[in-house]
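Please read the structure below before turning to the comments.
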Amino acid sequence: MTMPPSEPPMSESEFPKEGILWRSYDATIDLLNERTRPVLAFVIDYDGTRWPFLREIFRAMPKNEKLRGLLNGPCVAMLLEADSMPEYMDDLGAGSDYHIAILSPAGLTAMRIFNYVTGEPEMLVETIAGAMEAIAPIWA
1 MTMPPSEPPM SESEFPKEGI LWRSYDATID LLNERTRPVL AFVIDYDGTR
51 WPFLREIFRA MPKNEKLRGL LNGPCVAMLL EADSMPEYMD DLGAGSDYHI
101 AILSPAGLTA MRIFNYVTGE PEMLVETIAG AMEAIAPIWA
C-alpha cells in the first residue's frame, strides 16, 4: 500500500510543478493570516474501509491541471491525519463528518463536503476542481 509522505511539507521552491503543495493545519493558518482564501481539506484516514477510496482520490488530485493550479495559486490545500487531528478541526467534524471538503477561510467551516465513496476518483476530482473554481473568486 502506498502511503502519503509523513515528512514535513516541502517549501514552495522545492516543490515540483506537477504536484500539489499540501500544508499542515498550522501552515494553513499562517497563510490565512496573510490573505484569506478558500481551503481544500483532505483528511487521511487509514481505516480499512476509508483508505482505499481516499488513496485513489489523493493519487488523482495532482493529475488534474485545474485543481493543481487552484491549490497552488488562489486556494490552499490542507492535509490532516485522522489519528492526529487538531482539536479545533475535530470539533468542526474533520475526519468524522467529512474527509474532503472546501472550507471557508472564516473559521475553517465546511462550505462544501464531498462524498469520497464514489469509485470514480477522477470524476470526483473534477467535481472538486469545479467547485473550487466557482468559490475562489469570492476571495480574489
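Once you know that position 12 of the sequence shown is 12 in the working numbering, the rest is easy, because the numbers rise by one and skip nothing.
Just so you know, even glycine gets a beta-carbon here, dropped at the ideal spot from N, CA and C.
* **Among Tyr88, Leu40, Asp26, Glu122, nearest to Lys147 - alpha-carbon criterion** => In the structure as shown, the chain starts at 1 and stops at 140, and residue 147 therefore has no counterpart that could be examined.
* Asked: DSSP puts Leu79 in a beta bridge; with which residues?
  -> According to DSSP, Leu79 shares a beta bridge with Phe42.
* Asked: Around the C-beta of Glu120, are 16 or more other C-beta atoms found within 10 angstroms, so that it is buried, or is it exposed?
  -> exposed
* To do: Below 7 Å CB to CB, which residues in the same chain sit around Thr36 once its five sequence neighbours on both sides are set aside?
  => Pro105, Trp139
* Hey, how far is the Cα of Tyr88 from the Cα of Ala27? -> 15 Å
* To do: Compute the beta-carbon to beta-carbon distance between Cys75 and Ala134, rounded to the nearest angstrom, for a pair I have assumed lies under 8 Å.
  => No, Cys75 and Ala134 are not in contact; Cβ-Cβ is about 11 Å, not under 8 Å.
* **Span separating the alpha-carbon of Met3 from that of Arg55** => Low confidence applies here, because Met3 scores a pLDDT of 42, under 50, leaving its location unreliable; read the following figure in that light. So the two alpha carbons sit approximately 8 Å from each other.
* Counting along the chain, where does the alpha helix (DSSP H) carrying Leu140 start and finish? -> This sequence places Ala at residue 140; Leu is not what is there. Element bounds for Ala140: n/a, residue is neither H nor E.
* Asked: How would you write the range of the alpha helix (DSSP H) that Met89 sits in, first residue to last?
  -> That run of the alpha helix (DSSP H) goes 87-91.
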